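J.: In terms of numbering that gives the first Met the number 0, the sequence shown is residues 0 to 190.
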Amino acid sequence: METQLKQRLVGIAVIVSLAVIFLPMLLDGAGMVETNLYKNTELEVPLPPQVMRRAPDFDAKSKQLKEKVQQIPAMAVPIQAMLKEPTTVESKKQIVKTNNKKKVDATAKKETASWVVQVGSFKDQKKADALKKKVTSYKVGKVFLQNAIIGKEKIFRVRIGLFPSVKKAEAVSNKLNSKYKLKSVVLPNTK
0 METQLKQRLV
10 GIAVIVSLAV
20 IFLPMLLDGA
30 GMVETNLYKN
40 TELEVPLPPQ
50 VMRRAPDFDA
60 KSKQLKEKVQ
70 QIPAMAVPIQ
80 AMLKEPTTVE
90 SKKQIVKTNN
100 KKKVDATAKK
110 ETASWVVQVG
120 SFKDQKKADA
130 LKKKVTSYKV
140 GKVFLQNAII
150 GKEKIFRVRI
160 GLFPSVKKAE
170 AVSNKLNSKY
180 KLKSVVLPNT
190 K
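Pasting the structure below:
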């Protein structure tokens, strides 16, 4: 196409788009006549006599129930007065040994009281040993290998730790992640 024809087409498109944008703002619709096609009209059509006969009379039934309820005498005698003798229960003191509970709590605390930072998990023990040496040189805590069998494979986990609180373990984990560019995870000590 010729450039002059292209320019005319672009000009027409600009004029049409401006008309679409600004004409509704200029024309406020003062000359418009509103026509309501839908009108809300409520027609009261009486029910046929057959329906009226079949419908239950709820007002009459509710009046009957109210009368029956009013006819029932209120209990003049309280429930406690109806009992012939007051019932008493003698309590016996029971001695419960708490030594067993303390032992259970102590073992539960030992299991959840320590946290570790897992630095890596490898199938190859040589790679795990290499990472262990590298992390040991950072001097962030005691580094150890933990063997685990998952499925049929033996896995070597490089862990740092036995931290008494999660905050200390997270601090070491953040240091390893930011300073040494390692991806570590804080876990509760299971063994």
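By construction, the Cβ of each residue, glycine as well, lies at the ideal position given by its N, Cα and C atoms. Quick caveat, the model's predicted, so the values are computed rather than measured.
For residue 152, write down the residues that DSSP places opposite it in a beta bridge.
T.: According to DSSP, which records beta bridges pairwise, residue 152 is partnered with 149.
J.: Where do the ends of the beta strand (DSSP E) carrying residue 119 lie?
T.: Here the beta strand (DSSP E) through residue 119 covers 114-121.
J.: Nearest to residue 150 by alpha carbon, out of 134, 122, 113, 173?
T.: The residue with the shortest Cα to Cα distance from residue 150 is 122.
J.: Express the C-alpha separation of residue 116 and residue 168 in angstroms, rounding to a whole number.
T.: Computed Cα separation, rounded: 6 Å.
J.: What residues in its chain sit with their C-beta under 7 Å from that of residue 131, if we drop five residues either side in the sequence?
T.: Same-chain partners within the cutoff: 142, 144, 157.
J.: According to DSSP, is residue 181 part of a helix, a strand, or is it coil?
T.: Three-state result, residue 181: coil.
J.: Report the partner residues of residue 160 according to the DSSP bridge assignment.
T.: Note: residue 160 sits in a beta bridge opposite 115.
J.: What's the C-alpha gap between residue 155 and residue 184?
T.: Taking the straight line joining both Cα atoms gives about 15 Å.
J.: Would you say residue 181 and residue 134 are within 9 Å of each other, going by their C-beta atoms?
T.: Going by C-beta atoms, residue 181 is nearer than 9 Å to residue 134.
J.: Classify residue 44 as helix, strand or coil using the three-state DSSP reduction.
T.: Residue 44 falls in the coil class under three-state DSSP.
J.: For residue 144, which three-state DSSP category applies?
T.: If DSSP states are grouped into helix, strand and coil, residue 144 belongs with the strands.
J.: Using C-beta distances below 6 Å, list every residue in its chain close to residue 162, excluding the 5 sequence neighbours before and after it, in chain order.
T.: Counting only Cβ-Cβ distances below 6 Å, and skipping sequence neighbours, we find 114, 168.
J.: For residue 187, write down the residues that DSSP places opposite it in a beta bridge.
T.: 114.
J.: In whole angstroms, what separates the C-alpha of residue 43 from that of residue 58?
T.: Roughly 22 Å between the two C-alpha positions.
J.: Helix, strand or coil: how does DSSP classify residue 138 here?
T.: In this structure, residue 138 counts as coil in the three-state DSSP scheme.
J.: Would you kindly work out how many angstroms separate the C-alpha atoms of residue 174 and residue 20, rounded to a whole number?
T.: C-alpha separation (whole angstroms): 58 Å.
J.: Comparing C-alpha positions only, which one of 179, 153, 129 sits nearest to residue 139?
T.: It is 179 whose Cα lies nearest to the Cα of residue 139.
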